[in-house]
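**Q**
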Amino acid sequence: MLVHSEKDARHKGNYKFGSNHVEAKDHNGNVVGTIFDSIPPYLVKNEIQELIDWYNWTVDIKTKHPLIIIANFIFEYLAIHSFQDRNGRTSRLLTNLLLLKHSYLFLMNTLLKQIKLIITWHLIKLKLHGRQNQKILPLG
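If you read the sequence shown in the UniProt record's numbering, its first letter stands for residue 1, the second for the next number, and so on.
#1: Starting from K25, follow the alpha helix (DSSP H) in both directions and report where the run begins and ends.
#2: Does DSSP put G18 in a helix, a strand or coil?
#3: Let me confirm a value: I80 is counted as buried when at least 16 other C-beta atoms fall within 10 Å, else exposed. Which label applies?
#4: Name the DSSP bridge partner or partners of F36?
#5: Looking only at DSSP bridge pairs, what is V31 linked to?
#6: For G140, name the three-state secondary structure that DSSP assigns.
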């Protein structure tokens, strides 16, 4: 994800090397408080491995719904805060990967917006031609 980012060159491909607590900021970007302190860097590798082992075990025993497993995994992943930066982005990628792994489909927000615009355009076109009551068949 950081392959083309020069500003992230010092830490790309590695777990965090310093503390990276999650801070709350005001509308001007000033820090107003700490939301939580993540685990220290020396524990990250072990914590991530334990999280992956837990995920695999939980999926194998099939006693929890996949959405509960995914939500818990992402919650724990974000609590570990394993990278110096971009933890939120990697969590969203992981969420989509895990949803796909469990046969849940997803659409990116930009794609959803484009679909809504196309549908709205067609509805306006139908209305302009006096055919607003025409049935629109679902895609697929």
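Every residue gets a Cβ at the ideal spot worked out from N, C-alpha and C, and that includes glycine.
Fair warning: this is a prediction, and the values are worked out from it, not measured in the lab.
**A** In short, the structure shows the following:
#1: Segment 22 to 25 is the beta strand (DSSP E) holding K25; no alpha helix (DSSP H) there.
#2: coil
#3: buried
#4: V22
#5: K25
#6: Below a pLDDT of 50, predicted positions are generally treated as unreliable, and G140, at 44, falls in that range; the measurement from the model is reported next regardless. It is coil, neither helix nor strand.
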